[in-house]
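Following: one structure in structure tokens, then a few remarks.
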Amino acid sequence: MSALTIRDVSKKFGATEVLKDINLEIGSGEFTVLVGPSGCGKSTLLNIIAGLERQSAGTIRIADRVVNDVAPKDRDIAMVFQSYALYPSMTVRQNITFGMECRNVPRPQRDEAVARVARLLQIEALLERKPAQLSGGQRQRVAMGRALVRDPLLFLFDEPLSNLDAQLRVEMRMEIKQLHQRLGSTMVYVTHDQIEAMTLATRIAVMRQGVVQQFADPETVYNRPANLFVARFMGAPPMNTLPARLEAAPDGTVAVIGDVRLPVPAEAGRWIGREVVLGIRPECIAESTRHFTDTPGAVITMTAPVEMVEPTGAETIVVLRLGNERVLGRVSPDLRHRPGDTAPFTVDTRKVSLFDPTTGDRVV
Amino acid sequence: MSTRPATLDTMRRLPEYLVIWVPLLLAAGHLISFALWTIWVSFTPSTLVPVTGWVGLRNYNAVLATRNWNIAFDNLLLFGTAFVLLSLLMGLGLAILLDQRIRGENVLRSIFLYPLALSFVVTGTAWSWLLNPGIGIQKLVNNLGWTSFRFDWLIDRDMAIWTIVIAAVWQSSGFAMALFLAGLRSVDADLVKAAQIDGAGPLRIYRRVILPVLWPITVTVVVIQLQFAITTFDLVRALTGGGPGIATQLPALVVYDFMFQRGLLGRGAAAAVLMLLTLLAVLLPYWAWRYVQHRRASRA
Ligand SMILES: Nc1ncnc2c1ncn2[C@@H]1O[C@H](COP(=O)(O)OP(=O)(O)OP(=O)(O)O)[C@@H](O)[C@H]1O
Ligand SMILES: [Mg+2]
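Chains A and B, in that order, give the protein sequences. Final position of the first sequence in the numbering used here is 364; the numbers increase by one with none missing. Final position of the second sequence in the numbering used here is 1300; the numbers increase by one with none missing.
Structure, rendered in structure tokens:
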């Protein structure tokens, strides 16, 4: 059963089209992350799902019911806002029970629900406070509480962590993930943080300028990006993308980048003799002693000049020249390369991506 | 060496200091010295001209014993309450209507704010014509055919005070509206969205989510309107002149009457000081409240 179906949805604000033909089918219990740069239409799409905004065309189904003309309160959804949107004049308890108050839930039931959520989120001590007397992280929890107190068909999150500091963000990210595993509910989560997207999602929809670029599980989005935009957007540091030329070689196909020849998957055969853009993740370029795989021919070794070194602690990012193109590699922090050195590196070519240089679409 | 840039800086900002501080000090000096002078006069036996001497609270007792003052103060209570409540409700109502993103909002907002740009004398005079049974609204309705229609509050001893309420509300609801509208517009749109998802209807959203955000603005509006009510002079003067008889006397008119009609400076000053005390009774709690709010905000 699909929990949420978005069919041919588009949205215009006046003459500007902010969403174009969105099609997404989300299964029950899935954690879908909408990710994309600022202004690409993520919040607009979420608001349309919630019924807070009306689509210009297309249909929304929640649990196989068309909800185009259903008011937000009757869509059986709960939403967490980026600004948290806590009612400033109400206590935490009243904030959490306001929905039940509107639905005339009897008081004993309300109290029970609050107690359950407060225990789950560890906000029991805060129940009688006003939002102004809470820290950012506490407010975030209360906002979560207001959504979790219900048992909706669909949870919608609009960048719920973006106002938190880095450390709290990581903590809350883990908690949300655990929560999803425990509750098994269907969630749609908006973020422009690709790490959040990778860690939380069962499937990621990457958006750009109102168009879904790719809708797939995190592993596919990361390793087999549908186009250059997705390749560069997901991953930090981003995927290296360099112009290359495909040539036939005795044992398959190679991509030629200056004086470097990288073996590429056989399916690329029909592009032999043509220019492509080759994408390779920084973690596929490492020091020469790294052992990637036993597959013969998948790994090549080369020497390259080092231009810059950025130690991050757990690893070191090196900027090096690969056939005259600048690329990033991730090497062990024990190595002490210095700018200007020439050093040996291994390149794991099993996961290279090839893109059409004119359309940017994935070739292989 | 190090003092030179500072001197230069002072020189450069001299015009600012002159423009801001000189008028401010002059105004404050005026206000305070006249207030002190009035307080002093209120304890002297001055009549036509100020004289020295000390009569203690005699002027105050005399003022408080006059019928004129008592009627004026009762009128002030009625007028102040009615005026503040009505202009608050009108202002809030207009602001909520304008907040529905209706067309022509800018035009309507200007129209509602327009009376504020008029002098109270103009407002009073215009309304004195409108409410005059012989030439105003009553005459118009009578001429339209409803000959038994009566709207003669202006010459009715019991109702005349309400004509002042009407004119004052007309003049200043636009001001309340502007403040409330700004408040409504400052409410985070996500709050309304969250309430919609929670299942609250428009009425409940206003009552539980939006209006509570507005209450600091409400306090401000009430205080500003109250202090206007206490010092009302020109509006009554132009509209009813305090009449019929002394039915619409207000404290400011009593002060004027004592000082300039009857030549009783001491008593007039005492009445003025009583007005000042009434004003302080409103303003001091307000300042205290503001201070507490400020403290709380800076602590959070
Ligand atoms: N009410 C509106 N009227 C006109 N344009 C709007 C309106 N709301 C959003 N837009 C436009 O639609 C586009 C998408 O906005 P949206 O808020 O959905 O972006 P977003 O992906 O959520 O961005 P962010 O990551 O910054 O939150 C933006 O270009 C924005 O300017
Ligand atoms: Mg957004």
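Cβ coordinates follow ideal geometry from the N, Cα and C atoms, glycine included.
If the cut is a Cβ gap below 8 Å, which residues of chain B does residue i touch?
i: A50(A); result: K1193 and I1197
i: A78(A); result: I1197
i: R103(A); result: G1199
i: G99(A); result: I1197, D1198 and G1199
Could you work out which residues of chain A lie near residue i, taking near to mean beta carbons separated by less than 7 Å?
i: D1158(B); result: By Cβ distance, chain A contributes nothing, its closest Cβ being about 41 Å from D1158(B), past 7 Å.
i: P1202(B); result: Under the 7 Å cutoff, chain A gives no residues; its nearest Cβ is about 12 Å from P1202(B).
i: V1209(B); result: Y87
i: V1254(B); result: Those within 7 Å of V1254(B) in chain A number zero; the least Cβ separation is about 42 Å.
Where does residue i sit, in a helix, a strand or coil, going by DSSP?
i: E175(A); result: helix
i: L1265(B); result: helix
i: L1116(B); result: helix
i: M1259(B); result: helix
i: G1245(B); result: coil
i: R338(A); result: coil
i: R232(A); result: helix
i: F1228(B); result: helix
i: M1001(B); result: Caution applies to M1001(B), whose pLDDT of 47 falls short of 50 and renders its modelled position unreliable; the model cannot decide the point.
i: M1011(B); result: helix
i: S43(A); result: helix
i: P37(A); result: coil
i: P282(A); result: helix
i: F292(A); result: coil
i: Y1286(B); result: helix
i: P225(A); result: coil
i: Y189(A); result: strand
i: V1165(B); result: helix
i: R93(A); result: helix
i: L4(A); result: strand
i: D1099(B); result: coil
i: P350(A); result: Rather than Pro, the amino acid found at residue 350(A) in this sequence is Arg. In this structure, R350(A) counts as coil in the three-state DSSP scheme.
How close, in whole Å, do the beta carbons of residue i and residue j come, if the pair is a contact with beta carbons under 8 Å?
i: G136(A); j: N163(A); result: 6 Å
i: V309(A); j: V318(A); result: 6 Å
i: R370(A); j: C40(A); result: Past the edges of chain A, shown from 1 to 364, lies residue 370(A), and the structure says nothing about it.
i: L46(A); j: D158(A); result: 5 Å
i: T5(A); j: R61(A); result: 4 Å
i: A1095(B); j: L1226(B); result: Not confirmed; about 19 Å, so no contact.
i: W1054(B); j: T1044(B); result: 7 Å
i: D8(A); j: G58(A); result: 4 Å
i: A236(A); j: Q194(A); result: 7 Å
Using a cut-off of 9 Å between C-beta atoms, extract the partners of residue i located in chain B.
i: K42(A); result: What K42(A) touches in chain B: nothing, since even the nearest Cβ is about 15 Å away.
In chain order, what residues of the same chain have a beta carbon less than 8 Å from the beta carbon of residue i, not counting five sequence neighbours either side?
i: D165(A); result: G136
i: V212(A); result: I22, N23, L24, A205 and V206
i: T1047(B); result: G1263, L1264, L1265 and G1266
i: A1271(B); result: V1063, W1069, P1251, V1254, V1255 and F1258
i: A1200(B); result: R1208 and V1209
Beta-carbon within less than 6 Å of residue i's beta-carbon, same chain only, minus the 5 sequence neighbours each way: which residues are those?
i: L1116(B); result: G1174 and F1175
i: M1001(B); result: Note that M1001(B) has pLDDT 47, beneath the 50 cutoff, so the model's placement of it is unreliable and the number below is only indicative. Nothing meets the Cβ criterion.
i: V1213(B); result: V1187
i: L1250(B); result: A1072, N1075, L1076, T1232 and V1236
Would you mind telling me which residues of chain A sit closer than 9 Å to residue i, beta carbon to beta carbon, in chain order?
i: P1216(B); result: Those do not exist, as P1216(B) stays about 11 Å from chain A at its closest Cβ, beyond 9 Å.
Applying a beta-carbon distance threshold of less than 7 Å, which residues of chain B neighbour residue i?
i: F31(A); result: Going along chain B, no residue has its Cβ under 7 Å from F31(A), so there is no contact; the nearest lies around 20 Å.
i: S83(A); result: D1188 and D1190
i: P72(A); result: Q1196 and I1197
For a contact meaning CB atoms closer than 8 Å, what does residue i contact in chain A?
i: V1213(B); result: P88 and S89
I'd like the list of long-range same chain contacts for residue i, defined as Cβ closer than 7 Å, with 5 residues on each side in sequence excluded.
i: R203(A); result: E30, T32, F215, A216 and D217
i: A266(A); result: G252 and T253
i: V256(A); result: A244, R245 and E247
i: S89(A); result: none
Compute every distance between the C-beta of residue i and the non-hydrogen atoms of ligand 3, then say whether any falls below 7 Å.
i: F229(A); result: Only ligand 1 and ligand 2 can be found as ligands here, which leaves ligand 3 out of the picture.
Measure from the C-beta of residue i to each C-beta in chain E and report whether the shortest distance is under 8 Å.
i: S135(A); result: The structure shown contains no chain E; its protein chains are A and B.
| said: Quick check on the contact list: which residues have their beta carbon closer than 7 Å to a heavy atom of ligand 2? | reply: Ordered by chain, the residues meeting the criterion of a beta-carbon within less than 7 Å of a non-hydrogen atom of ligand 2 are K42(A), S43(A), Q82(A), D158(A), E159(A) and V190(A).
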